[in-house]
Amino acid sequence: MRMIIRAFFRLLRLILTPFMLLSEKLTTPKAIERSPERQAEIDKATANLALYEFRACPFCIKVRKEMARLGLDIERRDAQRDPVHREALLKGGGAVKVPCLLIRDEQGVERWMYESGEINDWLGREFG
Ligand SMILES: N[C@@H](CCC(=O)N[C@@H](CS)C(=O)NCC(=O)O)C(=O)O
0 MRMIIRAFFR
10 LLRLILTPFM
20 LLSEKLTTPK
30 AIERSPERQA
40 EIDKATANLA
50 LYEFRACPFC
60 IKVRKEMARL
70 GLDIERRDAQ
80 RDPVHREALL
90 KGGGAVKVPC
100 LLIRDEQGVE
110 RWMYESGEIN
120 DWLGREFG
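Under numbering that gives the first Met the number 0, the letters of the sequence shown match residues 0 to 127, in that order.
Structure, rendered in structure tokens:
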């Protein structure tokens, strides 16, 4: 029974994923404009960030859209299909839950931020 339920959800995900990704593509906002100097500063700061995500997770899509709106080039790590990223998320953050933003400060101290709303608020405060 468990296998059937699992297969059902896998099939559902397979069917829904292309629609979710298409909808993301169609509704992703344009990036705000900045001077090249300011953008370079931001690119430097975002090099210390990484977003752990599932491709078709609606909460991850919400964060990716905010990243696009703010013009942020943040490394994306697929915690669904890449076992190395999945393990790193579990070890570092404490749970395989996405989205999760890894923030590394200048001293190398890591902060693992869960919750799409909290992540978007933080991105807005830092880079908005
Ligand atoms: N309230 C959270 C919801 C995140 C969430 O439910 N993510 C799902 C994927 S869409 C997940 O990671 N599920 C795995 C789990 O909760 O163990 C947010 O806004 O980020």
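Virtual Cβ for every residue (Gly too), placed ideally from N, Cα, C.
The three-state secondary structure of residue 114, taken from DSSP, is coil.
If the five residues before and after residue 53 are omitted, its C-beta is found closer than 7 Å to the C-beta atoms of 59, 78, 79, 97, all from its own chain and listed in chain order. Distance between residue 100 and residue 1, taken at the CA atoms: about 32 Å. In terms of CA proximity to residue 27, 57 leads the group 34, 92, 57.
About 5 Å separates the CB atoms of residue 48 and residue 73; that is less than 8 Å, so the two are in contact.
With a threshold of 7 Å, the Cβ atom of residue 97 counts as near ligand 1, since some heavy atom of the ligand is closer than that.
Look at the region 26-64 and you find these whole runs of beta strand (DSSP E), each 3 residues long or longer: 48-52.
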